[in-house]
Amino acid sequence: MELIELLERFGAPLITGICGYLVGRPKQKAEVEATNVENAGKVIDKWASYADHLEKNIEQLRAAIEELNEALELVNDEKAFCAKTLTKLQIEYDDLKKLCNELQIELRRMKNEKNIKIDRHHVTGE
């Protein structure tokens, strides 16, 4: 009788524990897998949100780059126009400087002729 009592006392809880473990273990694995799937879904959603945010930033940066390129093109056109204008003005300046030198030479020559006439007039008494 002692064996039957021992089996009743310890056997029933032991068998219940083993059965509970064998039945509960697949359930626990399924719960862990469900949690892992749920967490993976959250991670995917978060990364998708980041990707959308980054895509919007990239589009904004592309638009800004395009605007800057257009502005740079306008500045380069203005620079080329200014360079042409400067070249024309430099040529005109050089021409005017040359004309000024020629006029100064002519003025000196005319003054010399006038002085020579005045000197002849004094010398000859006319």
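Going by my numbering, the sequence shown opens with residue 3, and the numbers climb by one from there. Every residue gets a Cβ at the ideal spot worked out from N, C-alpha and C, and that includes glycine.
Between the C-alpha atoms of Pro15 and Glu4 there is a straight-line separation of about 17 Å.
Cys84 and Asn78 have their alpha carbons spaced roughly 10 Å apart.
When only Cα atoms are considered, His55 and Ile20 end up about 52 Å apart.
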